[in-house]
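See below for the structure under consideration.
Protein chains: 2
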Amino acid sequence: MLEEEILDFSRRLECLPQFCVLTAPERDLLMQNSTKSLVDKGQILFQQGDFCSGLHILLSGQMKLAFASPQGQEKVLRIIRPGESFCAAMLFTKQPYAFFAQAVRNSLLLHLNKQSMHEIMASNPLFMQNIMQGMADDYQQLVIDFESVRLHSAAERIVRYLLREMEASHASSGVINLDIAKGLIASQLNLTQEHFSRILNELHRFGLIILDGRRIEIPKVDALQAYIPATA
Amino acid sequence: MLEEEILDFSRRLECLPQFCVLTAPERDLLMQNSTKSLVDKGQILFQQGDFCSGLHILLSGQMKLAFASPQGQEKVLRIIRPGESFCAAMLFTKQPYAFFAQAVRNSLLLHLNKQSMHEIMASNPLFMQNIMQGMADDYQQLVIDFESVRLHSAAERIVRYLLREMEASHASSGVINLDIAKGLIASQLNLTQEHFSRILNELHRFGLIILDGRRIEIPKVDALQAYIPATA
Chain H
1 MLEEEILDFS RRLECLPQFC VLTAPERDLL MQNSTKSLVD KGQILFQQGD FCSGLHILLS
61 GQMKLAFASP QGQEKVLRII RPGESFCAAM LFTKQPYAFF AQAVRNSLLL HLNKQSMHEI
121 MASNPLFMQN IMQGMADDYQ QLVIDFESVR LHSAAERIVR YLLREMEASH ASSGVINLDI
181 AKGLIASQLN LTQEHFSRIL NELHRFGLII LDGRRIEIPK VDALQAYIPA TA
Chain V
233 MLEEEILDFS RRLECLPQFC VLTAPERDLL MQNSTKSLVD KGQILFQQGD FCSGLHILLS
293 GQMKLAFASP QGQEKVLRII RPGESFCAAM LFTKQPYAFF AQAVRNSLLL HLNKQSMHEI
353 MASNPLFMQN IMQGMADDYQ QLVIDFESVR LHSAAERIVR YLLREMEASH ASSGVINLDI
413 AKGLIASQLN LTQEHFSRIL NELHRFGLII LDGRRIEIPK VDALQAYIPA TA
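In structure tokens form, the structure reads like this:
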């Protein structure tokens with residue numbers, strides 16, 4: 001990268017919660033060994049079976065992590081939004097990626113070199129802690145998704161998804177604007193798009209949500225929450 | 233724990249790959265702040281929703297990590313064998329356990345205090361690296377299990393399980409002795425026990441495995457491997 005770009009990306013890094021504990025020289029060092037990449041919509045960033053060479057951060061656009069079956073069936077594991085890093089766990093294992101990454105929209109990414117990451121983690125315990133916490137949260141989320149796919153009904157999975165989106169967007173007003181294509185959300189919940197749409201329409205008919213294109217209003221959070229059976 | 237017990241457990245710790253990089257004083261310090269627990273078959277070690285206070289190591293017996301649905305349905309996430317530690321990720325997240333742990337057999341466990349773990353990780357980078365690698369491998373295994381449940385047929389899941397077990401037990405002879413109850417293996421593969429048994433019997437009839445109670449022989453590994461469709 002050019003000097004100017006390094007400075008620009010170093011500033012962007014400073015704004016991300018996991019990286020704000022880095023000193024300016026640490027950020028610069030990290031950036032000098034990093035690369036940016038522009039990945040067009042539909043383009044693959046890495047394939048299942050590739051080996052990880054560093055941490056990816058999405059600066060703008062949207063990416064999906066997914067599996068493909070030999071029959072060509074695809075299942076979404078996770079959708080990445082700007083500001084999120086992904087595959088931190090891959091910095092610490094010798095195994096290859098078990099999924100692929102593809103751009104859902106034109107995306108700008110930073111690729112932080114694995115060795116520089118390890119060097120800075122070794123000298124900055126707070127940074128190490130942030131990376132580990134991110135990795136632990138990824139693990140926890142995966143456990144919850146796994147549980148959900150195996151135990152919960154389709155409607156319950158959708159209700160849980162809507163409540164989580166509402167919480168993540170701090171939408172106290174109870175309004176969610178879906179920024180992810182419905183097909184991708186459906187796949188993430190292990191549903192077909194038709195099944196997903198049918199249940200959204202049902203929830204709308206029951207008055208539990210108000211559907212308006214990509215805008216979903218939850219008039220009474222309690223009523224929607226009551227749709228989830230109490231845990232044993 | 234008594235002085236003698238500390239010495240005994242410290243020696244056991246020394247034999248475990250993740251802990252062999254600790255110095256004797258580090259091991260002793262860790263042990264002084266740790267507790268052992270005897271958990272009878274059927275007893276719960278921790279519940280879904282509990283908060284983690286340290287790392288668990290199974291010294292003898294067998295444990296299961298599982299989810300329960302409000303309807304009382306249970307799904308096994310992982311079976312823990314002696315020498316394995318579990319829930320390393322929980323040392324780094326502020327979230328509660330999303331699953332419970334229950335003894336499948338009478339079990340002896342060590343519980344390594346969270347704060348001591350963090351202190352020793354901070355001063356011993358090799359130990360930190362081992363814990364992180366364990367955590368990353370757990371994450372990777374969970375991704376693979378998740379993929380398997382969503383994409384692979386029941387028969388393919390069973391074949392993959394058998395091949396993995398064969399590899400893990402270094403059984404070049406192609407003989408596996410199932411040390412886990414069939415119902416638990418079935419649940420881990422998201423199958424009913426009946427479905428699991430039916431497919432094992434089918435594989436036996438096709439000559440791909442030779443079933444003999446808890447002993448499974450794989451006469452030709454290639455032939456069994458060919459049962460898995462090639463990846464795209």
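Same order as they appear, the protein sequences are chains H and V.
Quick note: the first sequence uses this note's numbering, first residue 1, plus one each step.
Quick note: the second sequence uses this note's numbering, first residue 233, plus one each step.
Yeah, the Cβ is synthetic: ideal placement off N, Cα and C, and Gly gets one too.
Point to revise | From V:315, V:304, V:375 and V:418, residue whose alpha carbon lies closest to that of residue 252 of chain V | key: Ranking V:315, V:304, V:375 and V:418 by Cα distance to residue 252 of chain V puts V:315 first.
**Study point:** Rounded straight-line distance, which links the Cα of residue 249 of chain V to that of residue 46 of chain H
**Key:** Going from the Cα of residue 46 of chain H to the Cα of residue 249 of chain V covers about 32 Å.
Point to revise | Contacts of residue 249 of chain V in chain H (Cβ-Cβ under 7 Å) | key: Neighbours of residue 249 of chain V in chain H, taken as residues whose beta carbon is under 7 Å from its own, are absent, since the nearest beta carbon is some 14 Å off.
Practice item. Indicate the three-state DSSP secondary structure (helix, strand or coil) for residue 212 of chain V in the structure shown. Key: Because chain V here runs from 233 to 464, residue 212 of chain V falls outside it and cannot be looked at.
Review point. Hey, how far is the Cα of residue 34 of chain H from the Cα of residue 57 of chain H?
Key: Residue 34 of chain H and residue 57 of chain H: Cα-Cα distance of roughly 11 Å.
Review point. With DSSP run on the structure shown, which of helix, strand or coil describes residue 453 of chain V?
Key: Here DSSP, grouped into helix, strand and coil, assigns residue 453 of chain V to helix.
Review point. Exposed or buried, what is residue 247 of chain V when buried is set at 16 or more other beta-carbons lying within 10 Å of its beta-carbon?
Key: Exposed.
**Study point:** chain V contact residues for residue 142 of chain H, given Cβ-Cβ distances below 9 Å
**Key:** The CB of residue 142 of chain H comes closer than 9 Å to the CB of 371, 374, 375 and 378 in chain V, given here in chain order.
Practice item. Mind checking who residue 294 of chain V pairs with in its DSSP beta bridge? Key: For residue 294 of chain V, which the question treats as bridged, DSSP gives the partners V:337.
Point to revise | C-beta atoms of residue 188 of chain H and residue 78 of chain H nearer than 9 Å | key: Cβ distance < 9 Å, so residue 188 of chain H and residue 78 of chain H count as in contact.
Point to revise | Min CB distance residue 309 of chain V to chain H below 9 Å | key: With its beta carbon less than 9 Å from one in chain H, residue 309 of chain V belongs to the interface.
**Study point:** Members of the region 290-316 of chain V near chain H, C-beta cut-off 8 Å
**Key:** Listed by position along the chain: 299, 300, 301, 302, 303, 304, 305, 307 and 309.
Review point. In or out: residue 317 of chain V buried (at least 16 other Cβ within 10 Å) or exposed?
Key: The residue is buried, with at least 16 neighbouring Cβ atoms inside 10 Å.
Review point. Measuring CA to CA, which of H:147, H:143, H:118 and H:142 is closest to residue 131 of chain H?
Key: The closest CA to that of residue 131 of chain H, considering only H:147, H:143, H:118 and H:142, is found on H:118.
Review point. Can you name the residues that DSSP bridges to residue 306 of chain V?
Key: In DSSP, residue 306 of chain V forms a bridge with V:300.
**Study point:** CB contact below 9 Å: residue 229 of chain H versus chain V
**Key:** Yes, its Cβ sits closer than 9 Å to a Cβ of chain V.
Check your understanding: What do you get for residue 294 of chain V, buried or exposed, if any count of 16 or more other CB atoms within 10 angstroms of its CB means buried?
Key -> Counting other Cβ atoms within 10 Å of its Cβ, residue 294 of chain V reaches 16 or more and is therefore classed as buried.
**Study point:** Residues that residue 472 of chain V contacts on chain H, provided the C-beta gap is smaller than 8 Å
**Key:** Nothing can be reported for residue 472 of chain V, as the shown portion of chain V is limited to 233 through 464.
Review point. With a CB to CB cut of under 8 Å and the five nearest residues on each side skipped, what residues in its chain are close to residue 313 of chain V?
Key: Around residue 313 of chain V: 290, 294 and 411.
Check your understanding: Which of helix, strand or coil does DSSP assign to residue 212 of chain H?
Key -> Residue state, collapsed to three classes: strand.
**Study point:** is_contact[residue 149 of chain H, chain V] using C-beta, thresh 9 Å
**Key:** At a cut-off of 9 Å between beta carbons, residue 149 of chain H contacts chain V.
Review point. How would you label residue 296 of chain V, buried or exposed, when you count the other beta carbons within 10 angstroms and need 16 or more for buried?
Key: That one is buried.
Review point. Can the beta-carbon of residue 158 of chain H be found less than 9 Å from the beta-carbon of residue 169 of chain H?
Key: Contact flag unset, no.
Review point. Within 9 Å (strictly less), CB to CB, does residue 95 of chain H reach chain V?
Key: Chain V contact via Cβ: present.
Review point. Given that residue 321 of chain V touches chain H, what residues does it touch there, using C-beta distances under 8 Å?
Key: Listed by position along chain H, the residues whose Cβ is nearer than 8 Å to that of residue 321 of chain V are 135, 136, 139 and 140.
Review point. Around the Cβ of residue 237 of chain V, are there at least 16 other Cβ atoms within 10 angstroms (buried) or fewer (exposed)?
Key: Residue 237 of chain V should be labelled exposed.
Exercise for review: Let me know if residue 206 of chain H comes out buried or exposed under the rule of 16 or more other beta-carbons within 10 Å of its beta-carbon.
Suggested key: That one is exposed.
Review point. The beta strand (DSSP E) spanning residue 270 of chain V covers which residue range?
Key: Counting along the chain, the beta strand (DSSP E) containing residue 270 of chain V begins and ends at 267-271.
Check your understanding: chain H partners of residue 331 of chain V, CB-CB under 9 Å?
Key -> For the C-beta of residue 331 of chain V, the chain H residues within less than 9 Å are, from N- to C-terminus, 143 and 147.
Review point. With distances taken between CB atoms, is the gap from residue 99 of chain H to residue 48 of chain H smaller than 9 Å?
Key: Result yes, Cβ atoms of residue 99 of chain H and residue 48 of chain H sit closer than 9 Å.
Check your understanding: Could you check where the beta strand (DSSP E) with residue 46 of chain H kicks off and where it finishes?
Key -> DSSP places residue 46 of chain H in the uninterrupted beta strand (DSSP E) bounded by 44-46.
Review point. Where residue 90 of chain H and residue 24 of chain H are concerned, what is the direct C-alpha to C-alpha distance, given to the nearest angstrom?
Key: CA-CA distance, residue 90 of chain H to residue 24 of chain H, rounds to 26 Å.
Exercise for review: For the beta strand (DSSP E) holding residue 21 of chain H, just list the boundary residues, first then last.
Suggested key: In the DSSP assignment, residue 21 of chain H falls outside any beta strand (DSSP E) and carries neither an H nor an E.
Review point. Nearest to residue 44 of chain H by alpha carbon, out of H:228, H:144 and H:108?
Key: Of the listed residues, the one whose Cα sits closest to residue 44 of chain H is H:108.
Review point. For residue 433 of chain V, does the count of other Cβ atoms within 10 angstroms reach 16, so buried, or fall short, so exposed?
Key: Taking every protein chain shown into account, the CB of residue 433 of chain V has fewer than 16 other CB atoms within 10 angstroms, so this residue is exposed.
Practice item. Note down, in chain order, every chain V residue with its Cβ under 9 Å from the Cβ of residue 125 of chain H. Key: Within 9 Å Cβ-Cβ: 354.
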